[in-house]
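The sequence shown begins at 414 in this note's numbering and counts up by one.
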Amino acid sequence: MTGKDGILSGKVSLITGSSSGIGAAAARVFAREGSAVVLTARREDRLAALVKELRQAGADAEYVVADVIRADDMRRAVEFTVERFGRLDAAFNNAGYAVGRTPLHLMDDEVYDPIMDTNVRGLFNCLRPEISTMLESGNGGAIVNTSSVGGLVASPVAAPYVASKHAVIGLTKAAAAEYGGQGIRVNAIAPGTTRSELVEEWYAQNPEIEKELHRTTPQPRTAEPEETAEAAAWLCSDRSSYVTGATLPVDGGFTAL
Ligand SMILES: NC(=O)c1ccc[n+]([C@@H]2O[C@H](COP(=O)([O-])OP(=O)(O)OC[C@H]3O[C@@H](n4cnc5c(N)ncnc54)[C@H](OP(=O)(O)O)[C@@H]3O)[C@@H](O)[C@H]2O)c1
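Spelled out as structure tokens, the structure:
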């Protein structure tokens with residue numbers, strides 16, 4: 414563990430969607446880089462196991478079970494962070510949801526609503542208490558939101574997901590524009606296909622998709638979640654001090670083509 418020499422040394426970070434995948438990898442990277450971390454998601458067993466692992470490695474780690482769709486939950490998570498660690502320096506708003514691979518004209522509300530509720534309203538629910546807390550502290554802060562390559566370019570049979578991840582970039586720019594003067598930086602990352610339980614399942618069901626994705630990516634492989642988490646850690650750190658309103662693709666060059 415890097416700890417006190419890390420790029421997030423002495424900071425306090427909140428990470429949503431940290432029970433698995435990119436968020437769990439971020440919990441490990443942020444802690445290794447010296448941040449105290451508060452993890453949030455809905456699956457308590459996963460959060461508890463990860464917090465135990467991080468504490469055993471010497472990190473300050475806590476968790477709050479919270480659903481991003483519920484504004485009160487996210488307010489409570491931010492309040493808990495301030496009560497426990499005294500402030501909030503950084504937030505990685507990473508919780509997200511994707512379902513269905515259906516042509517747009519056949520999609521029903523049951524597909525559209527949970528995607529938009531989680532990815533757009535959920536982010537809005539995170540940003541409000543995080544920004545309020547950072548404004549109250551007077552010390553500014555750094556926020557990183559997880560969009561997707563689907564927030565930069567379209568992909569077929571995923572219309573609500575594509576719309577929701579474009580909205581993540583819109584919210585990121587809006588917040589960056591509003592709060593830059595108060596020292597709050599707001600950026601997004603746009604991951605390409607990144608190894609997660611859902612992606613492994615998807616590949617297992619459609620072996621051709623993995624090959625096709627690699628064929629259309631200059632770095633012809635699937636990202637590991639840690640690679641994506643490293644980008645979020647840098648954007649949350651003071652090393653990126655004049656970067657705001659930006660979206661950083663972490664996609665092996667997929668959107669460069
Ligand atoms: N993997 C990829 O290829 C890829 C590519 C581009 C973008 N992304 C984005 O990366 C982010 C992380 O995804 P992942 O790939 O790491 O998949 P994942 O393992 O499924 O992670 C999703 C995380 O979001 C949490 N979450 C979902 N709905 C939530 C809700 N209503 N309230 C609170 N937490 C919620 C999940 O936790 P609980 O279920 O415990 O609540 C989980 O921790 C998402 O925003 C996703 O859209 C992923």
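Every residue gets a Cβ at the ideal spot worked out from N, C-alpha and C, and that includes glycine. Note that this is a predicted model, so its numbers are computed, not measured.
| query | result |
| --- | --- |
| Does the segment 596 to 608 come within contact of the segment 652 to 665, defined as at least 3 CB pairs closer than 8 Å? | yes |
| I528 and A511 look like a contact to me (Cβ under 8 Å); what is the Cβ gap, rounded to whole Å? | 7 Å |
| Using a threshold of 8 Å, is the CB atom of T630 nearer than that to any non-hydrogen atom of ligand 1? | no |
| Name the DSSP bridge partner or partners of N411? | This structure cannot speak to residue 411, because the chain is shown only from 414 to 670. |
| Please identify the residue among R445, L626 and G430 whose C-alpha is closest to the C-alpha of G535. | G430 |
| Report yes if the CB atom of A440 is closer than 9 Å to the CB atom of A479, and no otherwise. | no |
| Just to confirm, are V481 and V451 a CB contact at a threshold of 9 Å? | no |
| Could you tell me whether any non-hydrogen atom of ligand 1 is closer than 8 Å to the CB of K729? | Because the chain is modelled from 414 through 670, residue 729 falls outside the range shown and cannot be assessed. |
| Among E457, G509, A472 and H627, which residue has its Cα nearest to the Cα of G666? | H627 |
| Report the CB separation of A581 from A645 in whole angstroms; it is logged as a contact under 8 Å. | Reading off the sequence shown, one finds Val at residue 581, where the question assumed Ala. Between A645 and V581 the Cβ distance is about 13 Å, and since that is not below 8 Å, they are no contact. |
| Considering only the alpha carbon of each residue, which of P620, L463 and G583 lies closest to A659? | G583 |
| Return the chain-ordered list of same chain residues with a C-beta closer than 6 Å to the C-beta of G419, the five sequence neighbours on each side being excluded. | E446 and G447 |
| How many Å lie between I544 and E621 at the Cα? | 43 Å |
| Could you tell me the alpha carbon to alpha carbon distance between R456 and L467, rounded to whole angstroms? | 17 Å |
| Does the segment 570 to 579 come within contact of the segment 501 to 517, defined as at least 3 CB pairs closer than 8 Å? | yes |
| Indicate the three-state DSSP secondary structure (helix, strand or coil) for S426 in the structure shown. | strand |
| Taking 9 Å as the threshold (C-beta atoms), are I428 and T453 in contact? | yes |
| Leaving aside the five residues before and after S609 along the sequence, list all residues of the same chain whose C-beta is less than 6 Å from its C-beta, in chain order. | G434 |
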